[in-house]
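Numbering (my numbering), first residue to last: 93 to 479. We treat Cβ as the ideally placed atom computed from N, Cα and C, and that holds for glycine. Treat the numbers as computed from the prediction; the structure is a model and nothing was measured. These notes are about the structure you will find just below.
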């Protein structure tokens, strides 16, 4: 093991002692110009004491720490981390007879910044978000195949490059059917978003289902219709799925067929959501779901995102009928739960209507948040009653 040691400036030591897994470029004393994205490095204080090991990055986050000691990053290291992650999922009954798709690794929440692994039955879809994880993909795949308590027949690697360049290993499958709380879905990891399905909304979909019997539901930003399937399976009187993508709506209708659900209670609407709320009449709906894509992926876009969330929620709130329920979400990591709640409150105030928060909504426990890395709580939502 011969990793470059980067000495930290004193100002960076406080966050390391708090076990935050990121080191920013401005906090490093050592010259890094000879390093390349993904190199394995160690960090130290001015005395030379090793404080952690991780991957170097050539942007604002200069080091993503995988350990707070001098561990060697090899197959055995990844196997121990992955087994620990799997043991936690098994302890919360994932997978199960009713749900065979779940998140095995959630980046910093599992001590592996830059790595996402979703399991769909016996397929592991590996998403790398850093150069270091992309370079370590062979080690990760070897570690996956040696886990105790989970059979994996296939690993699929997805990175920014495979998505943007359209490169795909033709020997790999393009997707898989799976179960979620007994509902049948298809994950298309070749052409779909994320790893093929938004499994982070599993518990919120179940909550919607529990409230949907005999109700009229609008599922805005429906993508492939996960919320719609839950509502219809629960006995909703009517569900409208609204999305700007015809392809997503078509796959949503396939999900209805997979669950033996009739189209007589469902309609797909291809439209821009803001335009729909601006011009359409939504007073017929008992429940409205707002689950937009991330409006901001970087801090520089946060203000614009907040304004977009406020506008969207205000438009829905103004026209919603008295006594209706609103599920509203943000998956923008740079928009904190407090900021999102304040933004939704500002939207409510703009309408002049009385409203009550019935529940705060979050990502499920297989998407854990590291106690030293609160930024990992990216999915946040509110269930609101509009009076």
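When the alpha-carbon of residue 395 is set against those of 426, 297 and 371, the nearest one is in 426.
Beyond the five residues adjoining it in sequence on each side, residue 241 comes within less than 7 Å, by CB distance, of 178 and 182 in the same chain, given in chain order. Look at residue 133 here: in three-state DSSP terms it is strand. Spatial neighbours of residue 233 in its own chain (CB-CB distance under 6 Å, excluding positions within 5 residues in sequence) are listed in chain order as 247. Using a 10 angstroms sphere on the CB of residue 296, the tally of other CB atoms reaches 16 or more, which defines it as buried. Assignment of beta-bridge partners to residue 146 by DSSP yields 133 and 157. Taking a cut-off of 8 Å for Cβ pairs, the segment 408-417 and the segment 358-376 touch, as three or more such pairs fall below it. Comparing C-alpha distances from residue 311 to each of 305, 291 and 361 shows the shortest one belongs to 361. Taking a cut-off of 8 Å for Cβ pairs, the segment 459-468 and the segment 197-209 touch, as three or more such pairs fall below it.
In the structure shown, residue 213 adopts coil according to DSSP, grouped into three states. Beta-bridge annotation (DSSP): residue 99 is paired with 136. Positions of the alpha helix (DSSP H) runs, each at least 4 residues long and wholly inside the segment 248-309, are given as 252-257 and 294-303 in order along the chain. Residue pairing by DSSP places residue 416 opposite 478 in a beta bridge.
Here the alpha carbon of residue 118 sits roughly 8 Å from the alpha carbon of residue 152. Residue ranges of uninterrupted alpha helix (DSSP H) with 4 or more members, entirely inside the segment 178-229 and ordered along the chain, are 223-227. Ranked by Cα distance from residue 173, the options 203, 145 and 156 are led by 203. Residue pairing by DSSP places residue 311 opposite 333 and 381 in a beta bridge.
Following the DSSP letters along the chain, one finds residue 450 inside the beta strand (DSSP E) bounded by residues 447-454. Taken through DSSP and simplified to helix, strand or coil, residue 361 comes out as strand.
When the five nearest sequence neighbours on each side are left out, the beta carbons in the same chain lying within less than 6 Å of the beta carbon of residue 322 are those of 297, 300 and 301, in order along the chain.
Assigned with DSSP and collapsed to three states, residue 387 falls in coil, not helix or strand. In the three-state DSSP reduction, residue 115 falls in the strand class (E or B).
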